[in-house]
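Going by our numbering, the sequence shown opens with residue 1, and the numbers climb by one from there.
We put the beta carbon where it would ideally sit given N, CA and C, even for glycine.
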Amino acid sequence: MQSESASDARTAGGASPDSADAPAAAARKRRSFSVRVDDDVCDGCGVCLFFCKPLVLAQGQAVNRRGAWPVKVVDESRCTGCKLCEYACPQLAIFAKEVPHDH
Ligand code: SF4
Ligand code: SF4
């Protein structure tokens, strides 16, 4: 059993491990990303859908000028900014960028 004095010693000075991580956690939480698909260039291959595990993207229902069904962004707020979609896209048709915040 831990003594009270040991517990007091850990929290002495007011900085628990959780509170020390709080600013970094808050900064991570504030980050947001915009995702854009070039509808005219996308050929609907679906590679980005495979890589996007947070389900930001979905197969689109509209046909583009190439006769393909370009993907669409369904929930940008889920984007982690991993850029796997961007790196994997053979057509260079999708881009994910961090949205800068005012501080
Ligand atoms: S950057 Fe990552 S999370 Fe965002 S849309 Fe692309 S694959 Fe999905
Ligand atoms: S990987 Fe590129 S070309 Fe293929 S569906 Fe996604 S955005 Fe379109």
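List the endpoints of the continuous beta strand (DSSP E) containing A96.
Against the sequence shown, residue 96 aligns to sequence position 96. Residues I94 to V99.
Integer Cβ distance of R65 from D40, believed to fall under 8 Å:
Here residue 65 refers to the residue found at position 65 of the sequence shown. Here residue 40 refers to the residue found at position 40 of the sequence shown. 6 Å between Cβ atoms; contact.
Going by beta carbon distance, what residues of the same chain come within less than 6 Å of G44, once the five residues before and after it are set aside?
Here residue 44 refers to the residue found at position 44 of the sequence shown. Hits under 6 Å: A68, W69 and P70.
Select from V56, Q61, P23 and V63 the residue whose C-alpha is nearest the C-alpha of I94.
Here residue 94 refers to the residue found at position 94 when the sequence shown is read from its first residue. Nearest C-alpha to I94 among V56, Q61, P23 and V63: V56.
Below 7 Å between beta carbons: does that hold for S34 and K97?
If you number the sequence shown from 1, residue 34 lands on position 34. If you number the sequence shown from 1, residue 97 lands on position 97. Yes, these two residues count as a Cβ contact at 7 Å.
Excluding the 5 residues preceding and the 5 following V73 in the sequence, name in chain order all residues of the same chain whose CB lies nearer than 7 Å to its CB.
Here residue 73 corresponds to residue number 73 of the sequence shown, with the count starting at 1. Once the five neighbours on either side are set aside, the close Cβ partners of V73 are V35, V37, V56 and L57.
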